[in-house]
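Visitor: Following full-length UniProt numbering, the numbering of the sequence shown begins with 1 at its first residue and continues without gaps. C-beta atoms are modelled at their ideal positions from N, C-alpha and C, and glycine is treated no differently.
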Amino acid sequence: MEQEKLEKEMESASKHFSEDKFWGKLKKFAKKAGASVVYAVLLLYYTLQKPEVPKKTKAIIIGALGYFILPLDLIPDLMVGVGYTDDLGALGLALFQVAIYIDDEIKAQAKEKLKDWFGDQVDTSDIDVKIG
């Protein structure tokens with residue numbers, strides 16, 4: 001039931017996705033959101049850029065990224081410690097659904113961008129293990 005609710009929220013949130021809003025929120029809240037959330041977001045973003053990814057898969061990604069951008073979600077992002085947990089849930093659901101399209105090149109792009117904000121010592125293994 002919870003997954004269905006999240007999928008509906010993501011579908012509704014897809015209209016909030018735009019390149020400008022995406023990069024604006026990511027740059028502004030990267031440190032607060034944490035490396036895991038940012039890595040998940042970047043994996044989805046770079047997967048979205050691949051021309052061979054089917055439209056249905058891109059719609060899932062846009063929904064998840066729109067949900068991330070959405071200023072008023074289930075748990076406000078400014079709540080210290082828990083504000084990005086629902087975002088991570090939506091991102092995780094999307095990652096699971098599109099994992100087949102996430103290749104080493106996409107992971108490398110995401111990790112390179114992650115270094116810009118968090119340095120060289122970021123551990124992405126928790127997400128990498130889940131998506132294969």
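Which residue's Cα is closest to the Cα of F118: K32, K25, H16?
Guide: Start at 1 with the first residue of the sequence shown, and residue 118 comes out as number 118. Answer by Cα proximity: K32.
Visitor: Is the distance from the Cβ of I127 to the Cβ of S36 below 8 Å?
Guide: Within the sequence shown, residue 127 is the residue found at index 127, counting from 1. Within the sequence shown, residue 36 is the residue found at index 36, counting from 1. Cβ distance < 8 Å, so I127 and S36 count as in contact.
Visitor: Shortest alpha-carbon distance to F22 belongs to which of I102, Y67, E52?
Guide: For this step, residue 22 is matched to residue 22 along the sequence shown. Closest option to F22, Cα to Cα, is Y67.
Visitor: Decide if I61 is buried, meaning its Cβ has at least 16 other Cβ atoms within 10 Å, or exposed.
Guide: Start at 1 with the first residue of the sequence shown, and residue 61 comes out as number 61. I61 comes out buried.
Visitor: Between which two residues does the alpha helix (DSSP H) containing G119 stretch?
Guide: The residue labelled residue 119 in the question sits at position 119 within the sequence shown. Segment: none, G119 is in no alpha helix (DSSP H) and carries neither H nor E.
Visitor: Using DSSP with H/G/I as helix, E/B as strand and the rest coil, what is G24?
Guide: In the sequence shown, the residue the question calls residue 24 occupies position 24. In this structure, G24 counts as helix in the three-state DSSP scheme.
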